[in-house]
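Visitor: In the working numbering, the protein residues as written are 62 to 265.
Heads up, the beta-carbon is just placed ideally off N, CA and C, and yes, glycines get one too.
Once you've had a glance at the structure underneath, I'll fire off some questions.
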């Protein structure tokens, strides 16, 4: 079975991925989001939750049995071994589901977008035909993370430090959109231009 033409959407944390995904969706392009898949795999009743509790203790679960994401985030970004264990548990399942959904969605669209925040970190560029990077300054990332998630400066800095450098992302991008401004109209215009290109590439 032929794989659909795939665009990998990535960028540093808080660089505007959610807004970009929304624009692609408005253009009727399927967006397969690794973050959403991760949340589905760790929802209440998921077989992943007991495994996570076994690895990281009952503290990683809330009283209702749901995953305590702030606790887990703080733990893994302060402990390299814990982060490695979490990745080893979750990522094979996430990647498998990404590919399954992309294959299914690609039957009805010119191309699909795989939104993978850690595309470079986990060496997943082979899954996509083209890489679109969203970029803003580390200082703005820090402000946005703290405002959005309510986490400490130290936790936000640790999350950024665990991602590849800004220079690496830029140098490995096929396409780049600067998201330093919060101008959603500008973002939409840039994505629309790329959308036309991607439709052309996919048709070849």
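So which of 243, 253, 65, 151 has the shortest CA-CA distance to residue 99?
Guide: Working through the chain shown from its first residue, we reach residue 99 at position 38. It is 151.
Visitor: Just how far apart, CA to CA, sit residue 102 and residue 260?
Guide: Here the question's residue 102 lines up with position 41 in the chain shown. Here the question's residue 260 lines up with position 199 in the chain shown. Cα to Cα, residue 102 sits roughly 31 Å from residue 260.
Visitor: Smallest Cα separation from residue 226: which of 64, 65, 72?
Guide: In the chain shown, the residue the question calls residue 226 occupies position 165. Taking only the C-alpha atoms, the option nearest residue 226 is 72.
Visitor: Thinking just about the alpha-carbon of each residue, which of 155, 121, 160, 116 is nearest to the one in residue 142?
Guide: Counted from its first residue, the chain shown places residue 142 at position 81. Out of 155, 121, 160, 116, 116 has the C-alpha closest to the C-alpha of residue 142.
Visitor: Using only alpha-carbon positions, find the residue among 218, 140, 230, 249 that is nearest to residue 183.
Guide: Along the chain shown, read from residue 1 onward, the residue named residue 183 stands at position 122. Minimum Cα distance to residue 183 is reached at 230.
Visitor: Whether or not the region 103 to 122 and the region 208 to 223 are in contact is what I'm after, with contact meaning three or more pairs of Cβ atoms, one per stretch, closer than 8 Å; do they touch?
Guide: Segments in contact, no.
Visitor: Near residue 123, what residues of its chain come up, given a Cβ to Cβ distance below 6 Å and the 5 sequence neighbours on each side ignored?
Guide: Position 62 of the chain shown, counting from 1, holds the residue named residue 123. Only 129 meet the Cβ criterion.
Visitor: Identify, in the order they occur along the chain, each residue of the same chain with its Cβ nearer than 6 Å to the Cβ of residue 197, setting aside the five sequence neighbours on each side.
Guide: Counting from 1 along the chain shown, the entry for residue 197 is found at position 136. The residues are 76, 240, 241.
Visitor: Pull the bridge partners of residue 191 from the DSSP assignment, please.
Guide: Position 130 of the chain shown holds residue 191. 68.
Visitor: Hey, out of 138, 131, 95, 86, whose CA is closest to residue 154's CA?
Guide: Numbered from 1 along the chain shown, position 93 holds the residue referred to as residue 154. Among 138, 131, 95, 86, the Cα nearest to that of residue 154 belongs to 95.
Visitor: When you compare only the Cα positions, how much space is there between residue 249 and residue 218?
Guide: Reading the chain shown from its first residue, position 188 is the one you call residue 249. Reading the chain shown from its first residue, position 157 is the one you call residue 218. C-alpha separation (whole angstroms): 29 Å.
Visitor: If you draw a straight line from the C-alpha of residue 204 to the C-alpha of residue 63, how long is it?
Guide: The residue given as residue 204 occupies position 143 in the chain shown. The residue given as residue 63 occupies position 2 in the chain shown. Looking at the two C-alpha atoms, the distance is approximately 42 Å.
Visitor: On the three-state DSSP scale, how would you describe residue 245?
Guide: For this step, residue 245 is matched to residue 184 along the chain shown. Three-state result, residue 245: helix.
Visitor: Taking the beta strand (DSSP E) that residue 237 falls in, what are its first and last residues?
Guide: On the chain shown, residue 237 is found 176 positions in, with the first residue counted as 1. Where residue 237 is concerned, the enclosing beta strand (DSSP E) stretches over 236 to 239.
Visitor: Just reading off the alpha helix (DSSP H) that residue 151 is part of, what are its end residues?
Guide: Locating residue 151 in the chain shown gives position 90, where the first residue counts as 1. First-last of the alpha helix (DSSP H) with residue 151: 141 to 166.
Visitor: Answer with buried or exposed for residue 174, where buried requires no fewer than 16 other C-beta atoms within 10 angstroms of its C-beta.
Guide: Here residue 174 refers to the residue found at position 113 when the chain shown is read from its first residue. Residue 174 is buried by the Cβ-count criterion.
Visitor: Exposed or buried, what is residue 67 when buried is set at 16 or more other beta-carbons lying within 10 Å of its beta-carbon?
Guide: Taking the chain shown and counting its residues from 1, one reaches residue 67 at position 6. Burial call: buried.
Visitor: Output yes or no for whether 8 Å exceeds the beta carbon distance between residue 191 and residue 236.
Guide: For this step, residue 191 is matched to residue 130 along the chain shown. For this step, residue 236 is matched to residue 175 along the chain shown. It is a contact, given that the beta carbons lie within the stated cut-off.
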